[in-house]
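Asks: Be aware that the sequence shown starts at 1, since it is given in the UniProt record's numbering, and climbs by one per residue.
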Amino acid sequence: MFVAISKGKARRVEMNGQNVSWRSLYRRSEDLVTAVVWSRLAYLSPSSLQRVLSRLFPDIGHLCNELQSIELWPYWGIEPDVVLHFDSLTLVIEAKRVNEDNWQSSSQWSGELEAAKKRYPDKQLALFAIGGLGQRPEQEVIRLQQELPPSLQSIPVQGMSWQQFYQAIVTFTDLAHAGEVILIRDVCDAMTANGVTPYRDMKDLIDWLANSVEQGFKLSSGGAIKEFGRWKK
1 MFVAISKGKA
11 RRVEMNGQNV
21 SWRSLYRRSE
31 DLVTAVVWSR
41 LAYLSPSSLQ
51 RVLSRLFPDI
61 GHLCNELQSI
71 ELWPYWGIEP
81 DVVLHFDSLT
91 LVIEAKRVNE
101 DNWQSSSQWS
111 GELEAAKKRY
121 PDKQLALFAI
131 GGLGQRPEQE
141 VIRLQQELPP
151 SLQSIPVQGM
161 SWQQFYQAIV
171 TFTDLAHAGE
181 VILIRDVCDA
191 MTANGVTPYR
201 DMKDLIDWLA
211 NSVEQGFKLS
221 SGGAIKEFGR
231 WKK
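#1: Run through the DSSP bridge pairs and tell me what LEU175 is partnered with.
#2: Is LEU113 helix, strand or coil when you go by DSSP?
#3: From what residue to what residue does the beta strand (DSSP E) around PHE128 run?
#4: Between GLY132 and TYR43, what straight-line distance do the alpha-carbon atoms span, to the nearest angstrom?
#5: Pick from VAL196, VAL141, ALA126, SER39: whose alpha carbon is nearest that of SER54?
#6: Scan the stretch 38-64 and note each continuous alpha helix (DSSP H) run of 4 residues or more that stays entirely inside, going in chain order.
#7: Would you check if the distance between the CB atom of SER48 and the CB atom of HIS177 is smaller than 8 angstroms?
#8: Work out the CA separation of TRP76 and VAL33 for me, nearest whole Å.
#9: Name the two residues that bound the continuous beta strand (DSSP E) containing GLU71.
#10: Buried or exposed for GLU66, going by 16 or more other Cβ atoms inside 10 Å?
#11: Work out the CA separation of ARG143 and GLY134 for me, nearest whole Å.
#12: Can you look up ILE93 in the DSSP assignment and give me helix, strand or coil?
#13: Taking the alpha-carbon positions, what's the LEU175 to ILE184 distance?
#14: Report the partner residues of GLN158 according to the DSSP bridge assignment.
#15: Which residue's Cα is closest to the Cα of ASP59: PRO156, LEU148, PHE165?
#16: With distances taken Cα to Cα, identify the nearest neighbour of PRO74 among ARG40, LEU63, ALA116.
#17: Any idea what DSSP makes of VAL196, helix, strand or coil?
#18: Please report the straight-line C-alpha distance between LEU56 and LEU63, rounded to a whole angstrom.
#19: DSSP on LEU84, reduced to helix/strand/coil?
#20: Buried or exposed, going by whether 16 or more other CB atoms sit within 10 Å of the CB of PRO121?
#21: How far does the alpha helix (DSSP H) with GLU138 in it reach, from first residue to last?
#22: Under 7 angstroms Cβ to Cβ from ALA168, same chain only, skipping five residues before and after it: list those, please.
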């Protein structure tokens with residue numbers, strides 16, 4: 001269905017008295033892109049998924065050894081977007097479509113983490129936020145984490161814009177196994193169809209490069225990424 005939508009082949013639908021395309025509906029919804037992205041990433045081999053998650057969230061990478069299950073919008077009295085269950089880790093994912101506005105909230109994070117804590121008292125918890133973190137995602141994550149109740153502040157939290165997320169995923173294409181390249185490209189296509197691009201302007205490119213240096217990227221003379229932390233190409 002996603003391929004039909006992205007190629008403009010899905011039929012139009014009646015909504016609020018208006019005839020609209022599935023593609024326009026897809027572009028408005030963070031839920032649809034979140035479902036496409038994470039349901040496909042879940043099909044990666046355990047080692048490849050661990051590499052991807054280690055890149056996105058270095059603090060918990062060592063715990064992402066083998067995915068046991070994935071839940072989309074589980075209802076816990078509060079509804080996180082995605083929950084990934086590993087042997088000793090439960091990763092809660094909260095996605096917002098808009099990057100410019102500060103739509104992520106510490107109260108929502110707190111509710112989701114408290115609910116996860118009650119359900120999985122013996123698991124390490126972590127939270128990953130995508131989008132809705134304003135122009136400076138790293139600083140916004142720190143601010144929101146500091147607003148969490150003291151009992152939750154030791155839980156690892158990571159966050160980034162959809163552009164940063166896209167860039168981290170797309171660089172994995174050159175390192176993935178042949179059969180997994182299609183999955184990675186599908187994930188990237190899902191984001192671009194939703195309006196996500198790696199760079200919106202030169203400032204985004206400069207900001208991403210600056211952040212990449214801090215995170216451990218090394219660039220070859222041709223501009224290709226040849227190393228990310230301890231992960232060498």
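Beta carbons: idealized from backbone N, C-alpha and C, even for Gly.
The structure displayed is predicted, hence computed values, not measured ones.
Replies: In terms of the structure at hand:
#1: None, per the DSSP bridge assignment.
#2: helix
#3: 124-130
#4: 26 angstroms
#5: ALA126
#6: 46-56
#7: yes
#8: 22 angstroms
#9: 67-72
#10: exposed
#11: 12 angstroms
#12: strand
#13: 10 angstroms
#14: PHE128
#15: PRO156
#16: ALA116
#17: coil
#18: 13 angstroms
#19: strand
#20: exposed
#21: 137-146
#22: ARG55, LEU56
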